[in-house]
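Q: The numbering of the sequence shown is our numbering, which starts it at 1382 and goes up by one. Cβ coordinates follow ideal geometry from the N, Cα and C atoms, glycine included. Because the structure is a prediction, the values reported are computed rather than measured.
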Amino acid sequence: MNLAGDNEVTMTNVRAEKVREVARLATRTGRARSGEFLTEGPQAVREALRLHLENAEHGRAPVVRAVYATEDCLDRYPELEVMSNKADGIHTRLVSQEVLAAMADTVTPQGIVAVCIIPETSLQQVAAGKPRLVAVLCRVQDPGNAGTIIRAADAAGADAVVLTGGSVDVYNPKAVRSTVGSVFHLPIVTNVDLGEILAAFKGQGSTVLAADGYAAADLDALQDASAARRAGAGAAAPEGEPALEDQTVWLFGNEGQGLDEAELAGADHRVAVPLYGIAESLNVGTAATMCLYASARAQRRG
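#1: Run through DSSP, which three-state label would Glu1642 get?
#2: Determine the DSSP secondary structure at Asn1635, reduced to helix, strand or coil.
#3: Is the distance from the Cβ of Leu1434 to the Cβ of Ala1450 below 8 angstroms?
#4: Curious, which full-length alpha helix (DSSP H) runs of at least 4 residues does the segment 1491-1563 contain?
#5: Counting pairs of Cβ atoms below 8 angstroms between the segment 1508-1527 and the segment 1574-1587, do you hit three or more?
#6: Span of the beta strand (DSSP E) holding Asn1572?
#7: Per DSSP, what kind of secondary structure is Arg1396 in: helix, strand or coil?
#8: Does DSSP classify Asn1388 as helix, strand or coil?
#9: For Arg1457, report the span of its alpha helix (DSSP H) as first-last.
#10: Below 8 angstroms on the Cβ atoms is my guess for Cys1454 versus Pro1423; work out the distance and round it to an integer in Å.
#11: From the DSSP output, which residues share a beta bridge with Leu1475?
#12: Thr1408 bridges to which residues according to DSSP?
#13: Which residue comes first and which comes last in the alpha helix (DSSP H) that contains Thr1667?
#14: To which residues of the same chain is Asp1550 closer than 6 angstroms at the C-beta, ignoring the five residues directly before and after it?
#15: Reducing DSSP to helix, strand and coil, say where Glu1622 ends up.
#16: Does Pro1459 pass the burial test, meaning 16 or more other C-beta atoms within 10 Å, or should it be called exposed?
#17: Do Val1395 and Ala1485 have their C-beta atoms within less than 8 angstroms of each other?
#18: Just the Cα atoms here: how many angstroms apart are Asp1601 and Gly1562?
#19: Specify the secondary structure class of Val1463 as computed by DSSP and reduced to three states.
#20: Which residues in the same chain have their Cβ closer than 7 angstroms to the Cβ of Gly1411, if we skip the five residues on either side of it in sequence?
#21: What residue does the alpha helix (DSSP H) around His1701 start on, and which one ends it?
#22: Taking three-plus beta-carbon pairs below 8 angstroms as touching, is the segment 1515-1525 in contact with the segment 1624-1644?
#23: Please classify Glu1661: does DSSP put it in a helix, a strand, or coil?
#24: CB Tyr1603 to CB Leu1625, shorter than 8 angstroms?
#25: Looking at Leu1504: is its Cβ nearer than 8 angstroms to the Cβ of Ile1578?
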């Protein structure tokens, strides 16, 4: 189907049932009932379509259900129309600016939205791949923070992101926007009990590190030690000291409370990001980025 073809009538009725159906994906109930979520903006939709085409090539599950775009948007990003036309099984439709605004969650939408399928990824599938680096969000509730950590995990080359029960729904529109397309780049497992997470990853050899501002272990010191071991032809870390180059699962806690005692107790080691100024603490998204990159750098050296 040609998204901007002459035979396509632009959708202009903001009260149409299809418009309300797409808009309902901004709610948790709407997502739960449909098994779908809303992706907004050229970058995120591009990544969704890229993964959809890649999955189709390899016989994997579809990613995108529908694409709605304004003509102005397609004029600016013609590659999105090309990708949509290549993809099988996607309902595509031109819409007016008013209809797009009614569908989108943002106040000033960027001219295109996609209805995407919530993937069914299990903890067992992720653990079976013996991942080198995993980020676990323990009761992280702010969608912006969750999206930032997913984006950082993607950029650091992590193998997966896992969220415990009580964490934000990462498929809500704000969280999806915060990932800037990274939600389509790595496996994400949601609503998992921490005990299951620890058993799954410790069972395949991962070290579990808790990001804790009050810990005695210092992230900078661990990075220095890792670099020194590398320079010394791969000497092992002293007993009782974590090695950033090992298979690692990082635990990141709630914005206001951090990791609770049960979460801290489940970790093999607690690690603090050092503060050299007078700030009381770091935002969880910033701290997670530093921790993930420290592990990624050590692993790449190794």
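A: Straight from the coordinates:
#1: Along the sequence shown, one-based indexing puts residue 1642 at 261. In this structure, Glu1642 counts as helix in the three-state DSSP scheme.
#2: Here residue 1635 is taken as the residue at index 254 of the sequence shown, counted from 1. The answer is strand: DSSP assigns Asn1635 an E or B state.
#3: Working through the sequence shown from its first residue, we reach residue 1434 at position 53. Working through the sequence shown from its first residue, we reach residue 1450 at position 69. Their beta carbons are not under 8 angstroms apart, which means Leu1434 does not touch Ala1450 by this criterion.
#4: 1504-1509, 1524-1536 and 1554-1560
#5: yes
#6: Position 191 of the sequence shown, counted from the first residue, corresponds to residue 1572. Note, Asn1572: beta strand (DSSP E), Ile1569 to Val1573.
#7: As a first step, residue 1396 is located in the sequence shown; it is residue number 15 there, counting from the start. Coil, per DSSP.
#8: The residue you call residue 1388 lines up with position 7 of the sequence shown. Note that Asn1388 has pLDDT 44, beneath the 50 cutoff, so the model's placement of it is unreliable and the number below is only indicative. Coil, per DSSP.
#9: Translated into positions along the sequence shown, residue 1457 becomes position 76. Run containing Arg1457: Glu1452 to Arg1457, per the alpha helix (DSSP H) assignment.
#10: To locate residue 1454, count along the sequence shown from 1; it is residue 73. To locate residue 1423, count along the sequence shown from 1; it is residue 42. The Cβ separation is near 7 angstroms, so the contact holds.
#11: Your numbering for residue 1475 matches position 94 in the sequence shown. In DSSP, Leu1475 forms a bridge with Ala1450.
#12: The residue labelled residue 1408 in the question sits at position 27 within the sequence shown. In the DSSP output, where bridge partners are listed per residue, Thr1408 has none listed.
#13: In the sequence shown, the residue the question calls residue 1667 occupies position 286. Taken as a continuous stretch (DSSP letters only), the alpha helix (DSSP H) holding Thr1667 covers Val1665 to Arg1682.
#14: By one-based count along the sequence shown, residue 1550 stands at place 169. Excluding positions up to five away in sequence, the list reads Arg1409.
#15: Locating residue 1622 in the sequence shown gives position 241, counting from the first residue. Here Glu1622 sits in coil by DSSP.
#16: Counting from one through the sequence shown, the residue named residue 1459 turns up at place 78. The residue in question, Pro1459, is exposed, as its Cβ has fewer than 16 Cβ neighbours within 10 Å.
#17: As a working note, residue 1395 is residue 14 in the sequence shown. As a working note, residue 1485 is residue 104 in the sequence shown. Not closer than 8 angstroms, so no.
#18: Here residue 1601 refers to the residue found at position 220 of the sequence shown. Here residue 1562 refers to the residue found at position 181 of the sequence shown. Using only the alpha carbons, I get a separation of about 30 angstroms.
#19: If you number the sequence shown from 1, residue 1463 lands on position 82. Helix at Val1463.
#20: Numbered from its first residue, the sequence shown carries residue 1411 at position 30. If we look at Gly1411 and ignore the five residues flanking it on each side, its Cβ neighbours are Arg1405.
#21: Missing from the structure shown is residue 1701; the chain here goes from 1382 to 1683 and no further.
#22: yes
#23: Indexing the sequence shown from 1 puts residue 1661 at position 280. It is coil, neither helix nor strand.
#24: Mapped onto the sequence shown, residue 1603 falls at position 222. Mapped onto the sequence shown, residue 1625 falls at position 244. For clarity, residue 1603 is Leu in the given sequence; the question names Tyr instead. Result yes, Cβ atoms of Leu1603 and Leu1625 sit closer than 8 angstroms.
#25: Numbered from its first residue, the sequence shown carries residue 1504 at position 123. Numbered from its first residue, the sequence shown carries residue 1578 at position 197. Yes, Cβ-Cβ distance for Leu1504 and Ile1578 is below 8 angstroms.
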